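Visitor: Questions regarding the structure given below will be posed in turn.
Numbering (my numbering), first residue to last: 836 to 925.
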């Protein structure tokens, strides 16, 4: 929630995801928090990091940026997915 309080005023769209860890926050709880505290920020829940990247890409204009935050493990999963998608595109 602390990180969301910092980021939500800056972004119009936030994609929430988690990975298999006992320390991972529940995306549904974070989505409720965002809806209550930041009603002008749209939150989407993704089933996994690959799905999160797909959703973020759908929200982002061609010249836009995607910011991935979280643990180093989650950032590594997002980076690996970016590399896989880049390899498929040629």
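We put the CB at the ideal spot given by N, CA and C, even for glycine.
Nothing here was measured: the structure is a model prediction, and the numbers come from that model.
1) Which same chain residues, not among the five before or five after residue 901, have their C-beta less than 6 Å away from its C-beta?
2) If you run the structure through DSSP and keep just helix, strand and coil, what is residue 880?
3) In angstroms, rounded to a whole number, what distance separates the CA positions of residue 917 and residue 872?
4) Using only the alpha-carbon positions, how far apart do residue 897 and residue 888 sit?
5) With C-beta atoms as the reference, is residue 849 less than 8 Å away from residue 878?
6) With DSSP collapsed to three states, give me the class of residue 907.
7) Can you list, in chain order, the residues of its chain with a C-beta nearer than 8 Å to that of residue 908? Leave out the 5 residues immediately preceding and following it.
Guide: Looking at the coordinates:
1) 891 and 895
2) strand
3) 31 Å
4) 14 Å
5) yes
6) helix
7) 854 and 856
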